[in-house]
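Asks:
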Amino acid sequence: MDTLINLLYIAASVLFIYGLKMLGRADTARRGNLVSAVGMLLAVVATLLVGGLNFTWIVVGVLLGAAIGAVAAYRVQMTAMPEMVALFNGSGGLASLLIGWAEYHDGTSTLAGTPAFTAVAIFLAVLVGGVAFTGSIVAFGKLSERLPGRPILFKNQHLYNAGLAALVVVLGVLFTLTPDTPVGYLLFLLAVAASLVLGVTLTIPIGGADMPIVIALLNAYSGIAASAAGFILGNNVLIVAGSLVGASGLILTSIMCKAMNRSLANVLFGGFGASVGGGAAASGVQGDAKPITAEDAYFMLEAASSVLVVPGYGMAVAQAQHVVKELADLLSENGAEVRYAVHPVAGRMPGHMNVLLAEANVPYESLVEPEDVNPTMDTVDIVIVIGANDVVNPAAREDPGSPLYGMPIINVDEARSVFVLKRSMASGFSGVENPLFFKENTRMLFGDAKASLSQLVSEFKDALRDAA
Ligand code: NAP
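Using the working numbering, you'd call the opening residue of the sequence shown number -15 and step up by one each time.
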């Protein structure tokens, strides 16, 4: 039976790896998800073949988990997906913490090797799982705006965090030396408490545009914790799946750091955005924004031969992706070249915009990388910025005093004309004012993005009807 289980685990691991690879491209992503899900089914079935399981509790767990998952999947709005993903990350971390705790409590700590080896694995599962759990809850709060998105800072924060991290390491070393004693149990409980507190204190000082990096890192933590849980249980597929999540989370963290042009240490210890709140005057943003009507915007678009669409979080809120595609098709029929530039941190989760555009069947080939389009931005007739703000903020390039300074952006202000579709003059997620709105070549098309785009589509269709 052991051989069969391990063969099934190998098959599941292969499916995970293929699934992950397929998730890397928009056109194969759906199938990649399915392939990974089949892998997970195999892994679950194989695990149920392990002898000596108590099926009553497993059935209770499956029913409870499936019910919560099904209700959440049906009820959650598309715009709330990022915070749901944060909760999933947190649940993974909590599960690993509980596995570590249960196995320690059970006293069967020689399952996967020497007691010291298992004690280290238990400690890591609890520590990393605990940090991932409470850190993800804070990320959930920030993304859902139940907590302020700006950094929450207090005096001597770095000193406090460094002290807490050092305490956790000392607790870990002492615990692994004395796991079987009452003192060991006390140390263990202290480590659980410290890891939960550390998750909160490490995440609250991070805010503004740096959240994507933290989310990717928390994702990696939940994978590392799962892998440690795999070592505790001696479960090969959990070790592999945890490592895959951990490694892909770390790769994503590094991609996000590059996209933001920041080092991880700078994000974790920099207190990003502490100076946010100075408002327009403090950041040197002044002037009058120039509104435009949909009718006037249509006349300019009608004459354009090169159009760039830059989507942001507001496109997700407005669910405007389908009408964007409709407008792009009309523009193409009118002879314009239409391309889409997606910033790596646009929206509220990695790949957010790509998922929405793929849902609206925007061809993959129409997408251009920001670094490819930026050098030729002055040849673009019109950029349509749809609910994007931070990712097109020129202060990141021009204002050394701005908290966004140094972050690569899409240089839409260098195009011939820019239409910004949003509801008000409000700032984006980082809370930083945007001088783009006051530039000479910018026109503000105020209103819900879907409504504004629908008006533009109607203008085009009316003109086509009149011409026919
Ligand atoms: P953003 O800077 O958050 O700006 C979104 C804009 O959309 C807002 O200014 C808002 O202005 C507008 N908006 C909202 N609802 C709208 C609607 N129905 N119709 C039209 N406009 C609407 O978005 P972004 O440029 O995409 O930048 C993403 C930000 O989130 C970055 O700071 C990034 O670091 C952060 N973040 C990203 C991730 C990730 O993984 N991608 C994760 C966490 C945080 P109005 O209210 O005036 O309409």
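Using N, Cα and C, we set each Cβ at its ideal position, and we do this for glycine too.
1) Cβ-heavy atom distance between residue 406 and the ligand NAP below 7 Å?
2) Using only the heavy atoms of the ligand NAP, determine whether one of them is closer than 7 Å to the beta carbon of residue 2.
3) Over what stretch of residues does the alpha helix (DSSP H) that includes residue 334 continue unbroken?
4) Going by C-alpha to C-alpha distance, which of 252, 116, 13, 74 sits closest to residue 194?
5) Just to confirm, are residue 366 and residue 405 a CB contact at a threshold of 8 Å?
6) Report the residue from 355, 340, 410 whose alpha carbon sits nearest the alpha carbon of residue 374.
7) Within the same chain, show all residues whose beta-carbon is closer than 6 Å to that of residue 174, passing over the 5 residues directly before and after it, in chain order.
8) Could you pull the DSSP bridge partners for residue 242 from this structure?
9) Can the beta-carbon of residue 240 be found less than 8 Å from the beta-carbon of residue 329?
10) How long is the line joining the alpha carbons of residue -5 and residue 23, rounded to whole angstroms?
11) Any heavy atom of the ligand HEM closer than 7 Å to the beta-carbon of residue 427?
12) I believe residue 210 touches residue 236 by the beta-carbon criterion, under 8 Å. Please report the beta-carbon distance rounded to the nearest angstrom.
13) Need the endpoints of the beta strand (DSSP E) that residue 295 sits in, please.
14) Using 8 Å as the threshold, is the C-beta distance between residue 32 and residue 118 below it?
15) Pull up the CB-CB distance for residue 414 and residue 387, whole angstroms please, since I reckon it's below 8 Å.
16) Would residue 278 pass as a contact of residue 443 if the rule is Cβ separation under 8 Å?
17) Could you tell me if the beta carbon of residue 142 falls within a distance shorter than 7 Å of some heavy atom in the ligand NAP?
18) Report the start-end ranges of each beta strand (DSSP E) in the stretch 137 to 221 that is 3 residues or longer and not cut off at the edges.
19) Give the C-beta separation of residue 307 and residue 350 to the nearest angstrom, bearing in mind that I take them to be a contact with Cβ-Cβ under 8 Å.
20) Do residue 413 and the ligand NAP come close, with the Cβ less than 7 Å from some heavy atom?
21) Tell me the residue span of the alpha helix (DSSP H) that contains residue 405.
22) Considering residue 426, what are the terminal residues of the beta strand (DSSP E) in which it resides?
23) Compute the minimum distance between the beta carbon of residue 332 and the heavy atoms of the ligand NAP, and state whether it is under 7 Å.
24) Using 8 Å as the cut-off, can you tell me whether the stretch 126 to 141 makes contact with the stretch 183 to 191, which would need three or more C-beta pairs spanning the two stretches below that distance?
25) With DSSP collapsed to three states, give me the class of residue 94.
26) Alpha carbon to alpha carbon, how far is residue 394 from residue -7?
27) Given residue 305, which residues of its chain have a CB within under 8 Å of its CB, disregarding the five upstream and five downstream residues?
28) Let's test the definition: count the other Cβ atoms within 10 Å of the Cβ of residue 420 and tell me whether it reaches 16, buried, or not, exposed.
29) Distance check for residue 229 and residue 17, CA to CA, integer angstroms please.
30) Please work out which residues of its chain come closer than 7 Å, Cβ to Cβ, to residue 259, disregarding the five sequence neighbours upstream and downstream, and give them in chain order.
31) Between 408, 424, 385, which lies nearest to residue 514 when the distance is taken from Cα to Cα?
32) Pull up the CB-CB distance for residue 213 and residue 83, whole angstroms please, since I reckon it's below 8 Å.
33) Helix, strand or coil for residue 321 per DSSP?
34) Got a sec: does the ligand NAP put a non-hydrogen atom nearer than 7 Å to the Cβ of residue 306?
35) If you drop the 5 nearest sequence neighbours on each side, which residues of the same chain put their C-beta closer than 7 Å to that of residue 266?
36) Does any heavy atom of the ligand NAP sit closer than 7 Å to the C-beta of residue 373?
Replies: Let me lay it out:
1) yes
2) no
3) From DSSP, residue 334 is part of no alpha helix (DSSP H); its letter is neither H nor E.
4) 252
5) no
6) 410
7) 155
8) Bridge partners of residue 242: none, in fact.
9) yes
10) 7 Å
11) Among the ligands modelled here, namely the ligand NAP, the ligand HEM does not occur.
12) Between residue 236 and residue 210 the Cβ distance is about 16 Å, and since that is not below 8 Å, they are no contact.
13) 290 to 295
14) no
15) 7 Å
16) yes
17) no
18) none
19) The pair is not a contact, with the Cβ atoms about 16 Å apart (cut-off 8 Å).
20) yes
21) No alpha helix (DSSP H) holds residue 405; the beta strand (DSSP E) holding it covers 401 to 406.
22) 426 to 430
23) yes
24) yes
25) Because the pLDDT at residue 94 is just 47, under 50, the model does not fix this residue reliably, and the value given afterwards should be weighed accordingly. It is coil, neither helix nor strand.
26) 44 Å
27) 295, 299, 340, 341, 343, 344, 346
28) buried
29) 14 Å
30) Caution is warranted here: a pLDDT of 44 is assigned to residue 259, below 50, making its placement in the model unreliable, and no coordinate value can be reported.
31) This structure does not reach residue 514, given that the chain is present from -15 up to 452, and the question cannot be answered.
32) 4 Å
33) strand
34) no
35) Per-residue confidence for residue 266 stands at a pLDDT of 44, beneath the threshold of 50, marking its modelled position as unreliable; no derived number is given.
36) yes
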